[in-house]
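To start, the structure under review is shown below, and the notes come after it.
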Amino acid sequence: MKKSYLLIVSLLLCSNLCGPVRCESARSAGLSASQYLSAGKSRLENKKYSQAILAFSAAIRKSPDLAEAYFYRGKSYDLAGNHRSAIKDFTKYTALRPKDSRGYIARGDAHNFSLDHKAALQDYSSAVKLNPSSIGAHIGRGLAYAALQNYAEAIKDYQWALQSNPNNIEALTNIGIACMLSTRRMEAMTYFERALRLEPDVDRRAKIERWTEKLLKEAGALEKVGNQHKRVGPRTLW
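0 is the number of the first residue of the sequence shown in numbering that gives the first Met the number 0; add one for each residue after it.
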């Protein structure tokens, strides 16, 4: 009787201490890799990045060559700010799916976020070669070019994206910035105005409006300097 009592007490203690973990393990023990993958996508969509990473990692343990699990775990890492781990996962994905431009675009994004713009440029260029009609690859490459201060090439990529979709807000905004940085002010104003007509997000609109105000102030300052020069006239040597 005493032994039975001690056994019951020990089982109750174990249940109280480890019950939730064991229940979770029991529920997930029979899940397949595809089920873990589906669960991870749902958590990623709901911005639960840590939980998504755990689910994708479980899928990879079940199926080490499941390419999609590496891709989405990389996305989760990137959104969580762990760009180094994201790059590793995207590298694995490109090894498993070398002809899929998505992997190179995603790795380019991670390189851009980690400020390795030259590596990003290589990835976006690889994506363009694989999928010349990819707007994402052209816009990403434009961002990398702009970060490397090659504004002329950045503008070319953004213009290509706008030829494919004239109402692409991201391309309109970024080409406006590239034009602004390369002192093509009138063009920048035109692109910003087009972006403002389309942009529904309040915060993004506020940023574009600040850039527009900056351009107007610069234009006003230049006009003022020009008028002063007209009043003073050319200098003489005597």
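Just so it is clear, CB atoms sit at the ideal spot from N, CA and C, and this is done for glycine as well.
- Counting the other CB atoms within 10 Å of its CB gives Leu215 a total below 16, which places it among the exposed residues.
- Straight through space, the alpha carbons of Gly80 and Ala160 are spaced by roughly 27 Å.
- Between Gly102 and Tyr92, the CB-CB gap stays under 7 Å.
- Taking 7 Å as the cut-off, the Cβ atoms of Arg72 and Ile86 do not count as close.
- In chain order, Gly175, Ile207, Trp210 and Thr211 place their CB closer than 7 Å to the CB of Phe191, counting only its own chain and leaving out the 5 sequence neighbours on each side.
- Counting along the chain, Leu114 sits inside no alpha helix (DSSP H), nor does DSSP assign it H or E at all.
- Of all alpha-carbon atoms in Cys178, Ser113, Leu129 and Pro165, the one lying nearest the alpha-carbon of Gly141 is that of Cys178.
- In this model, Lys117 and Arg203 are separated by some 27 Å (Cα to Cα).
- Rounded to the nearest angstrom, the Cβ distance from Phe55 to Ala105 is 14 Å, too far for a contact under 8 Å.
- Per the coordinates, the alpha-carbon of Glu152 lies some 12 Å from the alpha-carbon of Gly139.
- When secondary structure is reduced to three states using DSSP, Gln162 falls in the helix class.
- Contact between Asn111 and Ala143 holds: CB atoms are separated by about 6 Å, below the 8 Å threshold.
- Under the three-state reduction of DSSP, Thr172 is assigned to helix.
- The continuous alpha helix (DSSP H) containing Thr93 extends over residues His82 to Leu95.
- With a cutoff of 7 Å on beta-carbon distance, Ala32 and Lys61 are scored as near each other.
- Here the alpha carbon of Leu197 sits roughly 7 Å from the alpha carbon of Asn166.
- By alpha-carbon distance to Pro63, the top candidate from Glu169, Leu43 and Asp88 is Asp88.
- By the neighbour-count criterion, in which a residue is buried when 16 or more other Cβ atoms sit within 10 angstroms of its Cβ, Lys74 is buried.
- Put simply, the backbone Cα of Arg83 is about 21 Å away from that of Arg42.
- At the C-beta level, His137 and Asp115 stay beyond 7 Å of one another.
- Of the candidates Ala170, Ala119 and Lys128, the residue whose Cα lies closest to the Cα of Asp99 is Lys128.
- By the Cβ neighbour-count rule, Thr182 is exposed, with fewer than 16 other Cβ atoms within 10 Å of its own.
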